[in-house]
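Everything below concerns the one structure shown next.
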Amino acid sequence: MILTVVLIIPLIAAVVCLAPRFRSGAGARWTALAGMTAGLVITVVLFAGYQADHYALKPQRWLLETQAPWFPQLGISFHLAADGMSLLFVMLAALLGSMAVIASWTEIKESVGFFHFNLLLTLVGVIGVFLAIDLFLFYFFWELMLVPMFFLILSWGHENRIYAAVKFFIFTQAGGLFMLVSILGLAFTHQHATGVLSFDYPELIGTYMNGTTATLLLFGFLAAFLVKLPAVPFHTWLPEAHTHAPTGGSVILAGLLLKTGAYGLIRFAFPIFPDAASRLAPYGMILAVAGILYGAVMSFAQTDLKRLIAYTSVSHMGFVLLGISACNTIALHGVIIQIICHGIGTGALFMLAGTLQERIHTRELSRMGGLWAELPRMGGLWLFFALAALGLPGLGNFLGEFLVLLGSFAVSIAAAAIAATGFIFATVYALWMLWQVSFGPRRTTGDIADLSVREMLPLVVAVGLLIWIGLFPQSVIRTARQGLETLKATIEWHTPTRRSIGAPDKGMVDLKTQTAPKGLSGGYDGKP
Amino acid sequence: MADLIWLIPAFPAIGFLINGLLGIRFPKTLTAWVACLSVIASFAVSATIFVQFLQMAPESRVFEKTVFDWIVSGDFKTTIGFRIDALSIIMCLIVSGVGSLIHIYSVGYMHDDPGFRRYFCYLNLFVFMMLTLVTGDNVLLMFVGWEGVGLCSYLLIGFWYEKDSAANAGKKAFIVNRIGDFGFLLGLFTLVGYLGSQGIWTLKFSELQANVHLIGPGLATIITLLFFVGATGKSAQIPLYVWLPDAMEGPTPVSSLIHAATMVTAGVYMIARLNFLYVLAPTTLLVVTIVGLATAFFAATIGTAQYDIKRVLAYSTVSQLGYMFVGVGAGAYAAGIFHLMTHAFFKGLLFLAAGSVMHAMSGELDMRKMGGLRKKTPVTYWTTFIACLAIAGVPGFSGFFSKDEILWMAFSKYDSIWFWFIGVITAGMTAFYMFRMFFSTFHGECRADEEIKHHIHESPRIMTVPLMILAVLSLIGGYVGVPALLGGSNHIEKWLEPVFGHHAAPATAHAGGFNIISTAFASSGGAEGAGHAIEMQLMIGAVIIGLLGIFIAWLFYVKNPNLPKKFVEKFHGLFTLVHNKYFIDELYGFIFVRGLFKLGRFCKDFFDEMIIDGIVNGIASLLAGVGGIIRKVQTGMVQGYAFAVILGAIVVIGYLISRIL
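As given, the protein sequences belong to chains A and B, one line each in that order. The first sequence begins at 3 in this note's numbering and counts up one residue at a time. The second sequence begins at 10 in this note's numbering and counts up one residue at a time.
What follows is the structure in structure tokens.
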């Protein structure tokens with residue numbers, strides 16, 4: 003029930019934003035902010051509640067679940083469920099949603115109501131994606147994210163917005179439709195095997211299918227997830243969309259939309275097609291390493307601030323894909339931390355870029371410089387989030403990447419070692435960005451104001467969260483642990499051939515692994 | 010006391026937070042008090058623990074405190090916890106002790122700077138990170154401190170960020186350090202990954218040491234070499250030394266604290282801390298020795314041809330760090346730490362004195378425009394003199410004992426007179442360039458402008474008192490390690506024995522082909538007496554060469570000031586080469602910096618825009634063509650798309666169904 007409420011609050015807020023008297027001005031902003039904050043408060047309360055008994059690994063699958071019939075004759079139901087991982091991601095969505103509303107406060111001046119309607123509808127889609135476990139419903143929310151985001155870029159974007167919006171739409175829509183085909187194919191395969199037509203995820207797990215079918219169907223899912231993630235070479239929609247979207251849109255894109263791809267891989271691709279996914283995992287690692295290096299190298303070549311930040315996302319999401327492909331406990335814990343910290347950190351960088359663009363009306367790096375002396379608050383925050391991006395130990399982002407690399411190291415030394423050069427490259431682009439923006443002599447004229455309290459608030463919260471996660475990653479790991487262990491157990495249960503890499507949590511109930519060799523044996527012979 | 014050891018790093022952190030969060034309206038005095046007292050409090054705690062240690066049995070001198078579980082992921086577990094033992098207490102005393110003096114000095118030095126509060130925030134943050142590095146009880150926490158001091162170094166080098174050269178130098182330092190840290194990280198992964206595969210998921214030093222027998226010699230060599238890559242970055246050794254000379258763009262007390270006394274020695278500390286691993290890898294130890302020796306020699310040559318006094322000191326630091334690595338590479342960890350300590354005193358002092366000279370000379374750094382400061386700045390003069398004697402290895406001063414210990418250990422461990430010889434030549438050059446700087450700055454006629462000359466004055470008391478304290482330490486600091494040869498009992502080596510074990514290095518022939526000149530007396534030197542005879546001869550040789558260096562400097566810069574000019578004219582090519590640091594910076598810049606940006610441009614122009622976007626746009630125009638046809642049936646592009654895809658979906662589903670049926 004509470005899950006439906008979490009979905010419906012932003013939906014109601016979205017509709018209210020359309021009310022004629024809210025169409026312009028403060029009403030819509032406050033409504034949107036209230037909607038997102040309410041969602042945030044609910045999820046934080048839920049989170050705090052589950053923190054209380056974090057040590058107990060309970061046998062039940064979901065922390066929260068709600069199901070109502072939708073099209074019973076087609077086996078489609080309105081089925082929402084959350085484990086620790088989804089709860090964390092919904093919390094992230096609510097947080098970044100609030101940040102995006104605050105970031106758009108002064109930037110958006112036209113059709114304010116409609117802007118917030120689209121923004122909130124995207125967020126409803128994102129939250130739905132994280133909660134839906136009926137595949138048809140999942141697809142519905144997946145598409146729901148897309149259309150309002152398309153309008154956000156198209157109507158409120160910067161110079162090249164039409165090209166960016168169309169490119170974004172075509173890439174993600176194409177991926178999404180491949181996934182639809184796979185979802186339908188999966189349901190029919192399941193019907194053929196069991197005689198029951200169902201789109202229900204718990205039902206579909208463990209569907210018997212031969213290798214070719216599994217691989218083909220998996221490709222459909224991968225098309226959607228790898229484009230969203232994005233993995234190189236399906237990434238070229240990203241820099242365009244991030245650069246030309248309005249600030250709020252960039253925050254949602256970088257902070258949330260990319261993460262839905264990762265979420266899909268963890269939640270659906272691996273557990274439903276464990277065999278096929280494990281066979282493809284080495285290629286996933288190659289794509290991941292390519293993404294880490296390519297995204298970083300591309301960042302050096304950018305002259306546009308937002309585009310630079312966009313490419314750093316390509317690099318950082320490479321770590322996420324690497325961890326998912328390695329698919330052991332340590333790497334997956336790293337992935338969750340990386341997703342959350344990257345969402346917060348990059349969202350904050352885009353907010354800073356937005357506030358800067360509002361002030362100096364350019365995103366060209368060559369026309370910035372020397373801003374720290376003028377704007378100490380903004381300079382300090384640039385410094386902090388650049389350091390977070392380059393993976394400074396002590397902040398959450400480092401721990402995410404560290405655990406991903408540690409986990410992948412057990413699977414492939416080469417992949418982990420090459421990926422670790424990402425730390426060097428990240429230093430180069432982050433300091434290069436910082437140097438261009440904050441240091442050296444100033445290259446613009448005129449008075450510019452430092453950050454206002456309204457602009458500071460979400461950024462300071464982001465600073466606090468990144469430090470918090472850096473010090474107490476356990477608050478995240480504990481929450482996600484149960485769900486991930488169940489997923490891993492599912493994967494291993496259905497792939498007896500796959501060697502269990504990385505040790506499962508001790509005391510895990512109902513692991514059902516047939517082979518449970520502890521440790522990383524094999525990794526050091528170069529045999530993944 | 011064991012429960013309170015976390016206070017050592019905590020105090021500077023508190024100082025940082027108070028000044029950073031609340032200090033915006035503090036008067037300068039209050040900021041200064043908070044900053045200085047927080048470091049002094051750390052020193053007080055360290056000193057208390059030291060006194061307690063003195064009353065305990067040597068092997069029980071360990072305090073450990075786990076604060077909380079940091080990461081628990083699967084079987085991998087690491088904690089936030091601290092460990093104080095004989096080694097880390099020495100480091101704590103140096104860092105907080107020298108750190109306190111430099112904080113106090115900075116109050117005077119930075120008094121008129123608009124960034125006063127920011128400066129002390131960074132400085133406190135640095136001390137916090139450095140103390141975390143030396144007190145952390147596991148490798149990951151050490152790495153947090155390791156990178157944290159790198160961050161503070163970056164911020165303080167680029168402290169005057171509106172200057173392009175300062176901002177660039179900071180950037181360079183951070184990036185070069187990060188290259189080294191990449192090696193550190195890989196070493197860490199290999200270590201924890203391998204032990205994990207054996208069922209030991211830990212990063213804690215004590216547990217690593219207990220399980221070190223699981224690691225074979227080959228793997229130990231790989232791990233230790235990777236960690237050493239980290240050390241070359243942080244401690245400015247070949248090939249990653251290039252950032253340190255540029256780091257002199259920062260305020261001078263920063264150079265003293267970070268780039269001489271503490272941070273740059275972190276690599277030496279790390280190897281000493283992981284000595285149980287390095288012991289397993291003789292090849293790595295040999296590499297460490299050779300890199301250290303090569304760096305010591307190479308940097309010393311550059312030091313002889315610089316005019317900027319801070320650059321001379323910077324290359325001197327690189328060179329002295331090389332000595333420390335020679336020490337730890339010879340397995341004489343105690344000797345390396347001993348030199349680390351004496352170097353912290355005399356090099357910290359030299360930098361502070363240089364700051365005092367800059368203060369007197371209105372910021373001038375070029376020694377060609379100095380001279381004759383002796384009369385006007387007597388405290389600076391005398392303290393610099395003591396420091397120069399110490400670094401030149403004049404008997405009785407601190408540098409003499411520690412340097413000699415290292416040279417002797419390198420000789421006896423590897424049984425190679427060449428190692429000793431290069432080390433001694435380097436010592437001679439060190440004596441030469443230090444006194445070259447000393448004489449040009451303080452003796453002769455003043456070559457500054459009238460305007461500057463008029464302003465020359467001694468620094469205020471708040472700056473000269475730290476100078477005097479450090480001068481006393483440079484004078485007497487060596488007496489904790491007087492070798493048995495000179496009737497001492499080498500307290501520091503005994504003190505560190507619980508950490509390093511008993512590494513008495515008898516003159517064993519090393520089977521590595523490095524005993525080119527296996528001197529006749531050395532090979533017969535099993536007996537104590539013969540060993541002492543050689544040690545005495547070598548010591549006398551070293552002293553003579555050091556004095557010779559000082560004499561040449563005197564000849565060149567006091568007796569006959571025209572000699573250097575003639576010398577430069579005669580060996581113009583050589584001088585240009587050395588003066589320009591062998592053009593290594595230019596080479597690196599060409600290969601790496603330009604290379605990287607070229608690669609970025611290439612990827613952007615060619616791969617992203619031509620290939621990927623070319624394909625995408627090609628498909629788009631193709632679809633537009635198809636869409637044009639469909640548009641006749643449908644009304645818009647999106648629906649047309651959906652139509653086409655549903656058509657495709659039906660085909661694929663049909664295929665699947667046909668396979669299933």
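Using N, Cα and C, we set each Cβ at its ideal position, and we do this for glycine too.
- Restricting attention to A:204, A:413, A:426, A:217, the CA atom closest to the CA of residue 63 of chain A is found in A:204.
- In this structure, the CA atom of residue 459 of chain A is about 19 Å from the CA atom of residue 374 of chain A.
- Under the three-pair Cβ rule at 8 Å, the stretch 457-465 of chain B counts as touching the stretch 375-390 of chain B.
- Going by DSSP, residue 386 of chain B is part of no beta strand (DSSP E) at all; its letter is neither H nor E.
- Beyond the five residues adjoining it in sequence on each side, residue 355 of chain B comes within less than 7 Å, by CB distance, of 396, 399, 400, 407, 408, 483 in the same chain, given in chain order.
- At a cut-off of 8 Å, the C-beta of residue 17 of chain B has no neighbouring C-beta in chain A.
- Chain-ordered listing is empty here: chain B has no CB closer than 9 Å to the CB of residue 232 of chain A, the nearest sitting near 11 Å.
- Between the stretch 307-316 of chain A and the stretch 235-247 of chain A, the count of Cβ pairs shorter than 8 Å is three or higher; the stretches touch.
- Between residue 413 of chain B and residue 402 of chain B, the gap from beta carbon to beta carbon is short of 8 Å.
- In the DSSP assignment, residue 81 of chain A falls within the beta strand (DSSP E) that extends over 78-84.
- Following the DSSP letters along the chain, one finds residue 308 of chain A inside the alpha helix (DSSP H) bounded by residues 307-328.
- For residue 246 of chain A, the nearest beta carbon of chain B is not closer than 8 Å to its own beta carbon.
- A straight line joining the alpha-carbon of residue 357 of chain A with that of residue 365 of chain A spans about 11 Å.
- Contacts between residue 407 of chain A and chain B, judged by CB atoms closer than 7 Å, involve 198 in chain order.
- Remark: C-beta atoms of residue 387 of chain B and residue 467 of chain B approach each other more closely than 8 Å.
- Inter-residue distance for residue 623 of chain B and residue 209 of chain B is about 51 Å (C-alpha atoms, whole angstroms).
- For the stretch 10-59 of chain A, there is no continuous beta strand (DSSP E) assignment of 3+ residues that stays within its boundaries.
- Residue pairing of residue 251 of chain B in beta bridges, as defined by DSSP: absent, with no partner found.
- Close to residue 437 of chain A, with beta-carbon spacing below 7 Å, are these residues of chain B in chain order: 176, 180.
- Against residue 411 of chain A, the close residues of chain B are 198, 202, in the order they occur along the chain (beta-carbon pairs closer than 7 Å).
- Residue nearest to residue 271 of chain B within the set B:285, B:30, B:330 is B:330 (criterion: CA-CA distance).
- By the rule that beta-carbons nearer than 8 Å mark a contact, residue 86 of chain A does not touch chain B.
- Within the same chain, Cβ atoms closer than 6 Å to the Cβ of residue 361 of chain A are found at 450, the five residues on either side in sequence being excluded.
- Residue 272 of chain A is positioned such that its CB atom lies no closer than 8 Å to that of residue 44 of chain A.
- Residue 495 of chain A is outside the set of residues whose beta carbon lies under 8 Å from a beta carbon in chain B.
- Boundaries of the beta strand (DSSP E) around residue 72 of chain A: 66-73.
- Residue range 72-82 is occupied by the beta strand (DSSP E) that includes residue 79 of chain B.
- The three-state reading of DSSP puts residue 243 of chain B in helix, counting H, G and I together.
- Counting along the chain, residue 441 of chain A sits inside no alpha helix (DSSP H), nor does DSSP assign it H or E at all.
- By the Cβ-count criterion, residue 320 of chain B is buried, with 16 or more other Cβ atoms from all chains shown falling within 10 Å of its own Cβ.
- Per the C-alpha coordinates, the member of A:398, A:16, A:490, A:286 positioned closest to residue 276 of chain A is A:490.
- Within the stretch 587-614 of chain B, the residues whose Cβ lies closer than 7 Å to any Cβ of chain A are, in chain order, 605, 606, 608, 609, 610, 612, 613.
- In chain B, no part has a C-beta under 8 Å from the C-beta of residue 287 of chain A; the shortest such distance is about 15 Å.
- Put simply, of B:322, B:276, B:285, B:150 the residue whose alpha carbon is nearest the alpha carbon of residue 346 of chain B is B:276.
- Looking at the DSSP output, residue 399 of chain A shares a beta bridge with no other residue.
- At a cut-off of 8 Å between C-beta atoms, residue 166 of chain B does not count as an interface residue with respect to chain A.
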